[in-house]
Amino acid sequence: MRIIKLNMVVVLLLVLISACNNEIVQEPIMINSSDTLYMPLKDLEFEAKGDQWEAILNSFTQPIPVKIRYGKNGFHLYPKKDHGIVEGPGRLCLQHGDNKFYYKVYLKNILPPKIEEVDYRSSKIINLDSSNAQQRIFLAVDEWRNIVDAAEGAELFEEEILQLNKKVGVYRAQGHLALSSYYIEPGSCVSIPLKAKYIDIKKVYRIIAGPLKDRYDNLIADGTVVKFICDNGKFTNLMEEISLNGFASIEITAEEVNEYSIFAKVDDAKSLSITLQP
Amino acid sequence: MILRSLFISFVVLVAIYLFLQGRTINRSSEKPVFLRADKIAENHQTKIDITVESQVIPDSLELVTLEKDYANIWAHLNHLYATNDIIAGKEYYTESWFKQLAASYDGVIEPVISRKDEYHHFYIKNWSNDGLVCSAIDSNAVLTYIYPNEEKESYKLHMAIVLLYQGDHWRIDAIKVIDNNPHLIE
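Chains as they are written, first to last, in this note's numbering: chain A, 1 to 278; chain B, 279 to 464.
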């Protein structure tokens, strides 16, 4: 009875020892070994034994999914997705059970990627009263967000101060990209032509100020307040109107007119006076 | 009596309707960014020296924000490197950067090799007038790779980086590892 118990203990111990004994696997050999791998991977071949390998390929930023196909003498690695990566130092880890093997590689993109020139402008709103200068920072990036040389021998980042044209409008730093828009806004009014005409049907005089322009011949901003100052020798009346498309107008009933002298004013700018007579 | 019963029934029906309607409203489980605790960023430590070489000089407050956000960006880049978890750090990625990460996304993995950033010397090359664009060279950055057997390797390398200030953070938009052969230091 004792001998049977002893035998059972020995058998149990042997089973435990064999379970603890890890299988030793030989390191796979990279065929056509190279320090640089080009993405997407094209048939990266390894000579290895066994068929339960796992592969993890880390680019500089993240793990890249790869799949394994087994062959006669080992296996081949293929990309799961055909696209580029952020180039830089990477690590390939091949795993079989508890055995892990690491390969230091440098990862580059094989296909010439689409290169986009990026043009950052500051400030985005230019008011012609202050300055027409604009800062431009520009660089080139590929579709996988690798910064690339914009031109042979050029710096990675370039910067310059642009003197923009003085024509009001919405412009784009990059023609295809609405987000790159910047705005040139008109300056203050410097020129106020003023005229009056009698409208017989309504029996009124219409006083028209415009076109109101800044010093670069741009129409002033819509919504600018235009003051009309009317003086009949006894009283001075002030009327205000906002400009639209460079014009502002008021109407004065004709019977009220008794040699009014009228001029218009926008901030510091004044028009010449005109006289309305019955 | 009948009218009273009808009125009570109507009120009960309205109450049940409102209760059921309230239950069907989908409430977003994701808190806004300012209410979330970023454990990955909080548990991250690195050393960053900043040198300003740009024509436009950022003020001290802007530099403090930049240093904090750059450290957080690396916290998330390291987490991404180990796990491929592209969502955790999305607050620190621009849309273009996120898109290129998503192209290589095939699910989150168990970390095998992890990475720590020990040091950065951040040379600001360009700073936009409006404080929304920063291009820089991260010189002599020290990155340590940690293998599952606790073996470590530290490398010194140079990178060009473009950061954009969007929302509440500086976000990484583009990068270039300048050395083809990073220098092993340990």
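Glycine is no exception: its CB is placed at the ideal position from the N, C-alpha and C atoms.
Exercise. Using only alpha-carbon positions, find the residue among H354(B), L281(B) and I328(B) that is nearest to T343(B).
Key: One-based indexing of the second sequence puts residue 343(B) at position 65. The candidate whose alpha carbon is nearest that of T343(B) is I328(B).
Quiz item: To which residues of the same chain is E117(A) closer than 6 Å at the C-beta, ignoring the five residues directly before and after it?
Solution: As a first step, residue 117(A) is located in the first sequence; it is residue number 117 there, counting from the start. Counting only Cβ-Cβ distances below 6 Å, and skipping sequence neighbours, we find A140.
Quiz item: Using 8 Å as the limit for Cβ to Cβ distance, is I64(A) near chain B?
Solution: Working through the first sequence from its first residue, we reach residue 64(A) at position 64. Yes, I64(A) lies at the interface with chain B (some Cβ there is under 8 Å from its Cβ).
Practice problem: Spell out a yes or no on whether the segment 134–149 of chain A and the segment 390–410 of chain B are touching, meaning 3 or more CB-CB pairs, one atom from each, closer than 8 Å. | Solution: yes
Quiz item: How many Å lie between T36(A) and L355(B) at the Cα?
Solution: Sequence index remark: in the first sequence, residue 36(A) carries index 36 (1-based). Sequence index remark: in the second sequence, residue 355(B) carries index 77 (1-based). T36(A) and L355(B) have their C-alpha atoms roughly 22 Å apart.
Quiz item: Between Y183(A) and W144(A), what straight-line distance do the alpha-carbon atoms span, to the nearest angstrom?
Solution: As a first step, residue 183(A) is located in the first sequence; it is residue number 183 there, counting from the start. As a first step, residue 144(A) is located in the first sequence; it is residue number 144 there, counting from the start. Taking the straight line from one Cα to the other gives about 30 Å.
Self-check item: Span of the beta strand (DSSP E), counted from its first residue to its last, around G169(A)
Solution: Sequence index remark: in the first sequence, residue 169(A) carries index 169 (1-based). Residues G169 to R172.
Self-check item: Contacts around M8(A), its chain only, beta-carbon distance under 7 Å, and the 5 residues preceding and following it disregarded
Solution: In the first sequence, residue 8(A) corresponds to position 8, counting from 1. Cβ neighbours of M8(A) beyond the five flanking positions: none.
Quiz item: Along chain B, in chain order, which residues have C-beta atoms closer than 9 Å to that of T253(A)?
Solution: What you label residue 253(A) is simply residue 253 of the first sequence in a count that begins at 1. Going along chain B, no residue has its Cβ under 9 Å from T253(A), so there is no contact; the nearest lies around 51 Å.
Practice problem: Could you tell me which uninterrupted beta strand (DSSP E) segments, each at least 3 residues in length, are contained entirely in the segment 188–221 of chain A, listed from first to last along the chain? | Solution: With a minimum length of 3 residues, the continuous beta strand (DSSP E) runs that stay inside the segment 188–221 of chain A are 194–199 and 204–209.
Exercise. Taking D347(B) as part of the alpha helix (DSSP H), name the residues at either end of that continuous run.
Key: Translated into positions along the second sequence, residue 347(B) becomes position 69. Counting along the chain, the alpha helix (DSSP H) containing D347(B) begins and ends at S338 to T361.
Exercise. Step through the CB atoms of chain A and report whether any lies within less than 8 Å of the CB of N404(B).
Key: Here residue 404(B) refers to the residue found at position 126 of the second sequence. Yes, its Cβ sits closer than 8 Å to a Cβ of chain A.
Practice problem: Check whether the Cβ atoms of N362(B) and Y383(B) sit closer than 8 Å, and answer yes or no. | Solution: Position 84 of the second sequence, counted from the start, is the residue given in the question as residue 362(B). Position 105 of the second sequence, counted from the start, is the residue given in the question as residue 383(B). In contact: N362(B) and Y383(B) (Cβ atoms closer than 8 Å).
Quiz item: Looking only at its own chain, which residues have a Cβ that is under 6 Å from the Cβ of L57(A), when we skip the five neighbours before and after it?
Solution: Locating residue 57(A) in the first sequence gives position 57, counting from the first residue. Taken in chain order, the residues that qualify are I64, V66 and L92.
Quiz prompt | Positions along the segment 60–86 of chain A whose CB lies within less than 7 Å of some CB in chain B | solution = F60, T61, Q62, P63, I64, P65, K80, K81, H83, I85 and V86
Practice problem: To the nearest angstrom, report how far apart A419(B) and Y106(A) are at their CA atoms. | Solution: Here residue 419(B) is taken as the residue at index 141 of the second sequence, counted from 1. Here residue 106(A) is taken as the residue at index 106 of the first sequence, counted from 1. Using only the alpha carbons, I get a separation of about 17 Å.
Quiz item: Any idea which residues DSSP pairs Q163(A) with across the strands?
Solution: Indexing the first sequence from 1 puts residue 163(A) at position 163. Per DSSP, the beta-bridge partners of Q163(A) are A133(A).
Quiz item: Can you round the beta-carbon distance between D416(B) and I439(B) to whole angstroms, since I take them to be within the 8 Å contact cut?
Solution: Along the second sequence, one-based indexing puts residue 416(B) at 138. Along the second sequence, one-based indexing puts residue 439(B) at 161. Between I439(B) and D416(B) the Cβ distance is about 6 Å, and since that is below 8 Å, they are a contact.
Quiz item: For Y260(A), does the three-state DSSP call read helix, strand or coil?
Solution: Start at 1 with the first residue of the first sequence, and residue 260(A) comes out as number 260. The answer is strand: DSSP assigns Y260(A) an E or B state.
Quiz prompt | Range of the contiguous beta strand (DSSP E) that encloses W405(B) | solution = Taking the first residue of the second sequence as position 1, residue 405(B) is located at position 127. S392 to W405 is the span of the beta strand (DSSP E), which, as asked, contains W405(B).
Quiz item: Where in the segment 89–137 of chain A do unbroken runs of the beta strand (DSSP E), each at least 3 residues long, occur, reported from the N-terminal end onward?
Solution: 99–109, 115–122 and 125–127
Quiz prompt | Exposure label - M279(B); buried when at least 16 CB within 10 Å | solution = As a first step, residue 279(B) must be located in the second sequence, where it is residue number 1. The residue is exposed, with fewer than 16 neighbouring Cβ atoms inside 10 Å.
Practice problem: Return no unless some Cβ of chain A is closer than 8 Å to the Cβ of D416(B). | Solution: Along the second sequence, read from residue 1 onward, the residue named residue 416(B) stands at position 138. No, its Cβ sits nowhere closer than 8 Å to a Cβ of chain A.
Practice problem: Would you mind reading off the limits of the beta strand (DSSP E) that contains F75(A)? | Solution: As a position in the first sequence, residue 75(A) is number 75, starting the count at 1. In the DSSP assignment, F75(A) falls within the beta strand (DSSP E) that extends over G74 to P79.
Quiz item: If you run the structure through DSSP and keep just helix, strand and coil, what is M30(A)?
Solution: As a working note, residue 30(A) is residue 30 in the first sequence. Strand, per DSSP.
Self-check item: CB of P40(A) within 8 Å of CB of H76(A), strictly
Solution: The residue labelled residue 40(A) in the question sits at position 40 within the first sequence. The residue labelled residue 76(A) in the question sits at position 76 within the first sequence. Contact: no.
Quiz prompt | Counted within 10 angstroms of its Cβ, other Cβ atoms place Q163(A) as buried (16 or more) or exposed | solution = On the first sequence, residue 163(A) is found 163 positions in, with the first residue counted as 1. With a 10 Å radius around the Cβ and a threshold of 16 neighbouring Cβ atoms, Q163(A) comes out exposed.
Quiz item: Using the beta-carbon count (16 or more within 10 Å), is A279(A) buried or exposed?
Solution: For chain A, the structure presents residues 1 to 278; residue 279(A) sits outside this window and is missing.
Quiz prompt | Cβ neighbour criterion (16 or more within 10 Å) applied to N21(A) | solution = Taking the first sequence and counting its residues from 1, the one referred to as residue 21(A) is at position 21. Summary for N21(A): the model assigns pLDDT 49, below 50, so the residue's position carries little reliability; its value from the coordinates is reported in the next sentence. Exposed, since its Cβ has fewer than 16 Cβ neighbours within 10 Å.
Practice problem: Within its chain, find whatever has a CB closer than 6 Å to the CB of K80(A); leave out the 5 residues flanking it on each side and keep chain order. | Solution: Position 80 of the first sequence, counted from the first residue, corresponds to residue 80(A). Excluding positions up to five away in sequence, the list reads P65 and K67.
Quiz item: L410(B) bridges to which residues according to DSSP?
Solution: Here residue 410(B) is taken as the residue at index 132 of the second sequence, counted from 1. L410(B) pairs with nothing; no bridge assigned.
Exercise. Please classify L41(A): does DSSP put it in a helix, a strand, or coil?
Key: Along the first sequence, one-based indexing puts residue 41(A) at 41. L41(A): coil per DSSP, three-state reduction.
Quiz prompt | Distance CB(I242(A))-CB(T224(A)) smaller than 8 Å | solution = Here residue 242(A) corresponds to residue number 242 of the first sequence, with the count starting at 1. Here residue 224(A) corresponds to residue number 224 of the first sequence, with the count starting at 1. Contact flag set, yes.
Self-check item: Residue from Y205(A), N245(A), L244(A) and K265(A) with nearest C-alpha to E259(A)
Solution: Against the first sequence, residue 259(A) aligns to sequence position 259. Nearest of Y205(A), N245(A), L244(A) and K265(A) to E259(A), Cα basis: Y205(A).
Quiz item: Of all Cβ atoms in chain A, is any one closer than 8 Å to the Cβ of N407(B)?
Solution: Here the question's residue 407(B) lines up with position 129 in the second sequence. At least one chain A Cβ lies under 8 Å of N407(B).
Quiz prompt | Nearest-angstrom Cα separation, counted from H399(B) out to I326(B) | solution = As a position in the second sequence, residue 326(B) is number 48, starting the count at 1. As a position in the second sequence, residue 399(B) is number 121, starting the count at 1. Straight across, the Cα-Cα distance linking I326(B) with H399(B) is about 6 Å.
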